[in-house]
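Enquirer: In my numbering, the protein residues as written are 295 to 571.
1. Secondary structure at residue 479, three-state DSSP: helix, strand or coil?
2. Could you pull the DSSP bridge partners for residue 527 from this structure?
3. State buried or exposed for residue 519, treating a residue as buried only when at least 16 other CB atoms are found within 10 Å of its CB.
4. According to the Cβ coordinates, are residue 437 and residue 367 closer than 8 angstroms?
5. In the DSSP assignment, find the alpha helix (DSSP H) that holds residue 348 and state where it starts and stops.
6. Should residue 548 be labelled buried (16 or more other beta-carbon atoms within 10 Å of its own) or exposed?
7. Around the C-beta of residue 432, are 16 or more other C-beta atoms found within 10 angstroms, so that it is buried, or is it exposed?
8. Mark residue 540 as exposed unless 16 or more other C-beta atoms lie within 10 angstroms of its C-beta, in which case mark it buried.
9. Alpha carbon to alpha carbon, what distance is there between residue 553 and residue 410?
10. Would the stretch 468–483 count as touching the stretch 329–341 if we require 3 or more Cβ pairs under 8 angstroms?
11. Just to confirm my understanding: we take residue 408, look at its own chain, exclude 5 residues before and 5 after, and list those with CB closer than 6 angstroms. What are they?
12. Between the alpha carbons of residue 396 and residue 453, how many angstroms are there, rounded?
13. With a CB to CB cut of under 7 angstroms and the five nearest residues on each side skipped, what residues in its chain are close to residue 535?
14. Kindly list the residues whose CB is nearer than 6 angstroms to the CB of residue 384, restricted to its own chain and excluding five residues on each side of it in sequence; keep chain order.
15. Quick one: what's residue 546 bridged to in DSSP?
16. Excluding five sequence neighbours on each side, which residues of the same chain lie with their C-beta closer than 8 angstroms to the C-beta of residue 490?
17. Three or more C-beta pairs under 8 angstroms: does that hold for the stretch 345–355 against the stretch 521–536?
18. Along the chain, where does the alpha helix (DSSP H) containing residue 441 start, and where does it finish?
19. Please classify residue 361 as buried or exposed, where buried requires at least 16 other C-beta atoms within 10 Å of its C-beta.
20. What span of residues does the beta strand (DSSP E) with residue 405 cover, start to end?
21. Using the DSSP secondary-structure output, state which residues sit across from residue 416 in a beta bridge.
22. Looking at the ligand SAM, does it come within less than 7 angstroms of residue 365, judged from the CB to the closest heavy atom?
23. Using the Cα positions of residue 466 and residue 371, report the straight-line distance between them to the nearest angstrom.
24. What do you get for residue 445, buried or exposed, if any count of 16 or more other CB atoms within 10 angstroms of its CB means buried?
25. What residues in its chain sit with their C-beta under 8 angstroms from that of residue 473, if we drop five residues either side in the sequence?
26. For residue 561 and residue 510, which I take to be in contact (beta-carbon distance under 8 angstroms), what is that distance rounded to the nearest angstrom?
27. What three-state label does DSSP hand residue 489 in the structure shown?
28. For residue 354, decide whether its Cβ has a neighbour in chain B, counting only Cβ atoms nearer than 8 angstroms.
29. Which residue from 369, 378 and 414 puts its Cα closest to that of residue 404?
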């Protein structure tokens, strides 16, 4: 059987490694530390694959991490929306493809699609980002020249109806609260908690039964405020039956400041299914 990784994207016309349709692909291999107790790729590691592919796209566009540090700029995420068809096991080769849409109102949309070496779809995700002045901690204008280097694509964006609004616990049943303190391992080059860490916190706070016998089918994450080192954070967990399908459950992790229920950092919604194969 032909290994489809040998013919990634249409490279008949490429610019610095970016395909003519604006697509970039990066390959990963699922390692031991990438899988959970059920030997499936951890959902937040799948999102981390996407994040690293976005960084790779930026590198190819001519803007590596050193560029952002030197120019006091940073891409900051507004939210994720991801769906999982299959979470593969250790040793699986994964190709993640990404593309961006022309930016609007200081924000840029980016989609991702992942498949295995036989071309089977594994997961897909959409995200929204804005360019920040990392010194002033404020959004900054995206110039046509800067964003044009990414070669914005005419391909449709995935999950176009996702609104990137903080989730409300209304209609959910409260389950539990867990507390943590932000440590150095959570901090990235922008001197705040990396976006994947919030998803890890939100998932770690879910009941054991989710980790033991359920599989995540969908994740929605919306970021509102940034947390920094030594912040005391609470994760409030809620649950309800899914509105989409009776066999699914929705778990909502509201990540907030310890002493202020109104100061929400991030909301993470997990849609899970029993005994996913």
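The C-beta atom is built at its ideal place from N, Cα and C for all residues, glycine as well.
Computed from a predicted model, the values in this text were never measured in an experiment.
Expert: Straight from the coordinates:
1. Note: residue 479 maps to helix in three-state DSSP.
2. When beta bridges are read from the DSSP output, residue 527 appears opposite 474 and 551.
3. Exposed, since its Cβ has fewer than 16 Cβ neighbours within 10 Å.
4. At least 8 angstroms separates the beta-carbon of residue 437 from that of residue 367.
5. From DSSP, the alpha helix (DSSP H) with residue 348 extends over 337–354.
6. By the neighbour-count definition (other C-beta atoms within 10 Å, threshold 16), residue 548 is a buried residue.
7. Answer is exposed; the Cβ neighbour count stays below 16.
8. Per the 10 Å Cβ criterion, exposed.
9. For residue 410 and residue 553, the distance between alpha carbons rounds to 44 angstroms.
10. With fewer than three CB-CB distances shorter than 8 angstroms, the stretch 468–483 does not count as touching the stretch 329–341.
11. In chain order, 388, 390, 416 and 417 place their CB closer than 6 angstroms to the CB of residue 408, counting only its own chain and leaving out the 5 sequence neighbours on each side.
12. Our two residues, residue 396 and residue 453, have alpha carbons roughly 16 angstroms apart in a direct line.
13. Closer than 7 angstroms at the Cβ level, and outside the excluded window around residue 535, lie 543.
14. If we look at residue 384 and ignore the five residues flanking it on each side, its Cβ neighbours are 324, 326 and 329.
15. Its beta-bridge partners are 532 and 563.
16. These residues qualify, in order along the chain: 338, 341, 342 and 345.
17. No: the two stretches stay apart, fewer than three of their Cβ pairs being nearer than 8 angstroms.
18. Unbroken alpha helix (DSSP H) run through residue 441: 438–442.
19. Classification for residue 361: exposed.
20. Run containing residue 405: 401–410, per the beta strand (DSSP E) assignment.
21. DSSP, once it has assigned bridges, lists no residue as partnering residue 416.
22. Although the ligand SAM was asked about, the structure shown includes no ligands whatsoever.
23. Distance between the alpha carbons of residue 466 and residue 371 is about 26 angstroms.
24. So residue 445 counts as buried.
25. Within the same chain, and ignoring the five residues on either side of residue 473 in sequence, the residues whose Cβ sits closer than 8 angstroms to its Cβ are 526, 527, 528, 529 and 552.
26. The C-beta distance from residue 561 to residue 510 rounds to 16 angstroms, too long to meet the 8 angstroms contact threshold.
27. Here DSSP, grouped into helix, strand and coil, assigns residue 489 to helix.
28. The question asks about chain B, but that chain is absent: this structure has only one protein chain.
29. With distances taken between Cα atoms, residue 404 lies closest to 369.
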